[in-house]
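Here the structure comes first, spelled out in structure tokens, and everything after it is commentary.
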Amino acid sequence: MRVNLTVNGRPQEADDVWEGESLLYVLRERLGLPGSKNACEQGECGSCTVRLDGVPVCSCLVAAGQAEGREVVTVEGLADDEELAPIQQAFIDAGAVQCGFCTPGLLVAADEMLERNPSPSDADIREALSGNLCRCTGYEKIMDAVRLAAARRTEGV
Amino acid sequence: MDFLRPASWEEALAAKAEHPSAVPIAGGTDVMVEINFDHRRPEYLMDLNRIPELTDWEVGEESVRLGASVPYTRIMEHLRTELPGLALAAHTVASPQIRNRGGVGGNLGTASPAGDAHPALLAAGAEVEAVSVRGTRMIPIDDFYTGVKRNALAPDELIRAVHVSKADGPQQFAKVGTRNAMVIAVCAFGLALHPATRTVRTGIGSAAPTPVRARTAEEFLAAALEEGGFWDNGKVVTPSVAQEFARLCSAACNPIDDVRGTAGYRRHAIGVLARRTLTWTWESYRTAAGEGKAA
Chain A
1 MRVNLTVNGR PQEADDVWEG ESLLYVLRER LGLPGSKNAC EQGECGSCTV
51 RLDGVPVCSC LVAAGQAEGR EVVTVEGLAD DEELAPIQQA FIDAGAVQCG
101 FCTPGLLVAA DEMLERNPSP SDADIREALS GNLCRCTGYE KIMDAVRLAA
151 ARRTEGV
Chain B
1 MDFLRPASWE EALAAKAEHP SAVPIAGGTD VMVEINFDHR RPEYLMDLNR
51 IPELTDWEVG EESVRLGASV PYTRIMEHLR TELPGLALAA HTVASPQIRN
101 RGGVGGNLGT ASPAGDAHPA LLAAGAEVEA VSVRGTRMIP IDDFYTGVKR
151 NALAPDELIR AVHVSKADGP QQFAKVGTRN AMVIAVCAFG LALHPATRTV
201 RTGIGSAAPT PVRARTAEEF LAAALEEGGF WDNGKVVTPS VAQEFARLCS
251 AACNPIDDVR GTAGYRRHAI GVLARRTLTW TWESYRTAAG EGKAA
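In order, the protein sequence lines correspond to chains A and B.
The UniProt record's numbering applies: residue 1 is where the first sequence begins, and numbers increase by one.
The UniProt record's numbering applies: residue 1 is where the second sequence begins, and numbers increase by one.
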């Protein structure tokens with residue numbers, strides 16, 4: 001089947017989509033957007049997190065056909081042309097990226113949380129990122145990065 | 001596989017009547033896992049996301065008519081007053097990403113004994129609105145779970161909503177797992193005090209082939225509270241009463257050993273959760289009653 005959707009602000013069309021295929025597969029394999037990562041395929045790890053009509057979801061658990069006519073934002077849509085999004089810059093500055101596999105999902109989830117809650121407590125950050133697994137960092141640097149992004153946002157830097 | 005996209009509830013019912021094997025998909029948090037892992041290859045996959053009324057809820061006099069696809073996130077944010085037990089249970093579901101997609105209709109459709117909503121629904125009291133082209137029937141929650149991952153729905157029926165009784169007293173939900181997020185319950189317990197009828201209701205998750213109530217424990221506790229005049233005097237529940245309630249809740253379990261825990265552990269833990277949730281809810285009731293008298 002054919003699926004039409006908007007990805008990172010651009011209308012996209014995916015052809016020959018299998019009916020049981022996930023949105024994640026469409027993004028990665030049909031639309032050439034490999035930023036969203038495919039790890040657990042069961043909603044446990046959050047590495048495939050994208051925004052579907054603004055809401056963070058695991059794209060591995062959205063059937064491709066369910067995304068018909070919807071708006072999707074992936075990690076590729078966070079940066080503004082050449083300039084990284086504040087959350088991306090904060091991850092680099094805080095050393096929150098090690099192997100990088102979980103990073104795209106964490107960036108999308110953290111970016112959405114900061115939009116909703118510009119001054120999150122540590123508990124807010126932990127809860128917002130509780131569906132994203134990282135096996136390298138022990139999460140401390142990730143916490144630092146989100147705090148840094150929040151602080152820069154508040155300071156208007 | 002065919003992908004069905006009904007644009008309205010009527011279309012969905014017609015499609016389900018024509019293809020009773022069609023698997024409804026809303027949040028996808030159960031169905032997509034099975035498809036991704038090749039455990040299921042339904043002939044028809046029916047997307048319910050295009051039916052807006054499934055994500056609506058109506059707060060009535062007695063109950064909340066909760067659309068089958070209202071995401072857990074919405075329940076946590078908007079129904080904490082009317083459905084405190086369910087709101088607490090919703091907050092323990094998986095992660096924000098999953099709570100943004102999954103809802104109670106899917107939990108009921110899957111009917112896993114470990115589904116987080118079930119103990120809260122059993123404790124609050126609820127009816128499932130099951131609809132087909134033949135008409136609508138209300139299935140009491142006590143009759144809904146018929147076996148491991150089996151429910152009382154007919155092949156041509158879809159869940160339109162669940163009608164959950166509004167809280168008339170304190171409710172609690174507690175769940176045992178290895179961490180706060182992304183946990184399938186080792187076991188879970190829901191408790192609702194119903195001061196209006198001077199009864200209590202319970203719900204046990206993940207400790208029997210289906211979600212169950214601990215009826216003997218409920219009857220014991222209601223009788224003990226009545227006998228001791230507790231509803232009126234607002235005294236602390238006697239430890240021996242709490243202990244016996246916990247024991248009877250444990251006895252209502254019929255658990256198995258599995259990767260998440262042993263049967264013995266589950267039985268023990270349900271007793272602990274029963275005692276704790278009784279303490280918490282009774283404390284809320286006493287405090288509220290005390291404030292009522294002072295005012």
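Using N, Cα and C, we set each Cβ at its ideal position, and we do this for glycine too.
Fair warning: this is a prediction, and the values are worked out from it, not measured in the lab.
Which residues DSSP lists as bridging residue i, in chain order
i         : result
Arg10(A)  : Val7(A)
Leu114(A) : DSSP, once it has assigned bridges, lists no residue as partnering Leu114(A).
Thr136(B) : Val131(B)
Val176(B) : Cys187(B)
Asn107(B) : The partner list for Asn107(B) (beta bridge, DSSP) is empty, contrary to what the question assumes.
Asn151(B) : Tyr145(B)
Arg57(B)  : Residue identity differs from the one stated: residue 57(B) is Trp in this sequence, not Arg. Its beta-bridge partners are Leu66(B).
Arg201(B) : Ala192(B)
His163(B) : Arg65(B), Glu127(B)
Gln171(B) : Ala192(B)
Asp116(B) : Bridge partners of Asp116(B): none, in fact.
Met1(B)   : Answer is none; Met1(B) lacks a bridge partner.
Val72(A)  : Val7(A), Leu52(A)
Residue i in three-state terms, based on DSSP
i         : result
Leu106(A) : helix
Ser8(B)   : coil
Pro84(B)  : helix
Asn132(A) : coil
Pro86(A)  : helix
Trp280(B) : helix
Thr262(B) : coil
Gly125(B) : coil
Ser59(A)  : helix
Ala294(B) : Residue confidence is low: Ala294(B) scores 47 on pLDDT, short of 50, so the model does not pin down where it sits. No coordinate-derived value is stated.
Gln98(A)  : coil
Asp38(B)  : coil
Glu18(B)  : helix
Gly271(B) : helix
Met32(B)  : helix
Pro24(B)  : strand
Asp81(A)  : coil
Pro71(B)  : strand
Asp144(A) : helix
Thr49(A)  : strand
Met76(B)  : helix
Glu155(A) : helix
Tyr285(B) : helix
Val17(A)  : coil
Asp93(A)  : helix
Val212(B) : strand
Residue i versus the options, residue with shortest Cα-Cα distance
i              : options                                    : result
Glu155(A)      : Pro118(A), Asp144(A), Gln88(A)             : Pro118(A)
Ala185(B)      : Ile204(B), Pro170(B), Phe245(B)            : Ile204(B)
Tyr28(B)       : Ala110(A), Cys60(A), Thr49(A), Ala150(A)   : Sequence inspection shows Gly at residue 28(B); the Tyr mentioned does not correspond to that position. With distances taken between Cα atoms, Gly28(B) lies closest to Cys60(A).
Thr202(B)      : Thr277(B), Ala223(B), Ile25(B), Ala94(B)   : Thr277(B)
Gly138(A)      : Asp53(A), Gly95(A), Glu112(A), Ala128(A)   : Gly95(A)
Val75(A)       : Pro104(A), Glu140(A), Cys134(A)            : Pro104(A)
Met182(B)      : Gly20(A), Gln42(A), Leu33(A), Ala14(A)     : Gln42(A)
Thr210(B)      : Ala224(B), Gly169(B), Ala192(B), Ser112(B) : Ser112(B)
residue 300(B) : Arg134(B), Arg5(B), Gln243(B), Gly234(B)   : Any property of residue 300(B) remains undetermined from this structure, which presents chain B solely from 1 to 295.
Arg101(B)      : Asp47(B), Lys149(B), Ala152(B)             : Asp47(B)
Val33(B)       : Gly35(A), Leu78(A), Glu115(A), Ala39(A)    : Ala39(A)
His19(B)       : Leu221(B), Ile98(B), Asp2(B), Ala289(B)    : Asp2(B)
Gly228(B)      : Glu218(B), Trp280(B), Thr216(B), Val241(B) : Val241(B)
Leu86(B)       : His118(B), Pro24(B), Ile98(B), Arg247(B)   : His118(B)
Pro6(B)        : Val50(A), Gln66(A), Cys45(A), Val17(A)     : Gln66(A)
residue 159(A) : Leu31(A), Gly46(A), Arg30(A)               : Lying before the first or after the last residue shown, residue 159(A) is absent from chain A, which here runs from 1 to 157.
Cys187(B)      : Gly177(B), Pro195(B), Ser165(B)            : Gly177(B)
Glu21(A)       : Gly32(A), Ala63(A), Leu129(A), Leu31(A)    : Ala63(A)
Residue-level contact to chain E via CB, residue i, 8 Å cutoff
i        : result
Val33(B) : The structure shown has no chain E; the protein chains it does contain are A and B.
Please list the residues of the UniProt domain "2Fe-2S ferredoxin-type" (1-78) of chain A that have a C-beta atom closer than 8 Å to any C-beta atom in chain B, keeping them in chain order. Met1, Trp18, Glu19, Gly20, Ser22, Glu41, Gln42, Gly43, Glu44, Gly46, Thr49, Val55, Pro56, Val57, Cys58, Cys60, Leu61, Val62, Ala63, Gly65, Gln66, Glu68
Give me the subset of the region 160-174 of chain B whose CB atoms are less than 8 Å from a CB atom of chain A, sorted by chain position. none
With 8 Å as the C-beta to C-beta threshold (strictly closer), list the residues of the region 243-270 of chain B near chain A in chain order. none
Contact list for the region 121-151 of chain A against chain B, Cβ threshold 9 Å: Arg126, Glu127, Ala128, Leu129, Ser130, Gly131, Asn132, Leu133
What are the residues in the region 46-66 of chain B lying within 8 Å of chain A by C-beta distance? Asp47, Asn49
Mind checking the region 74-93 of chain B against chain A and listing, in chain order, the residues whose C-beta falls within less than 7 Å of any C-beta there? none
I'd like the ranges of any alpha helix (DSSP H) spanning at least 4 consecutive residues and lying wholly in the region 219-255 of chain B. 230-233, 239-251
Compile a chain-ordered list of the residues in the region 123-156 of chain B whose CB is closer than 9 Å to at least one CB of chain A. none
Chain-ordered residues of the region 181-193 of chain B with a beta carbon less than 7 Å from chain A: Ala181, Met182
For the region 95-123 of chain B, which residues have a CB atom closer than 7 Å to at least one CB atom of chain A, in sequence order? Ser95, Pro96, Gln97, Ile98, Asn100, Arg101
Short-range partners of chain A found in the region 17-28 of chain B, where Cβ spacing is below 8 Å: Ile25, Gly27, Gly28
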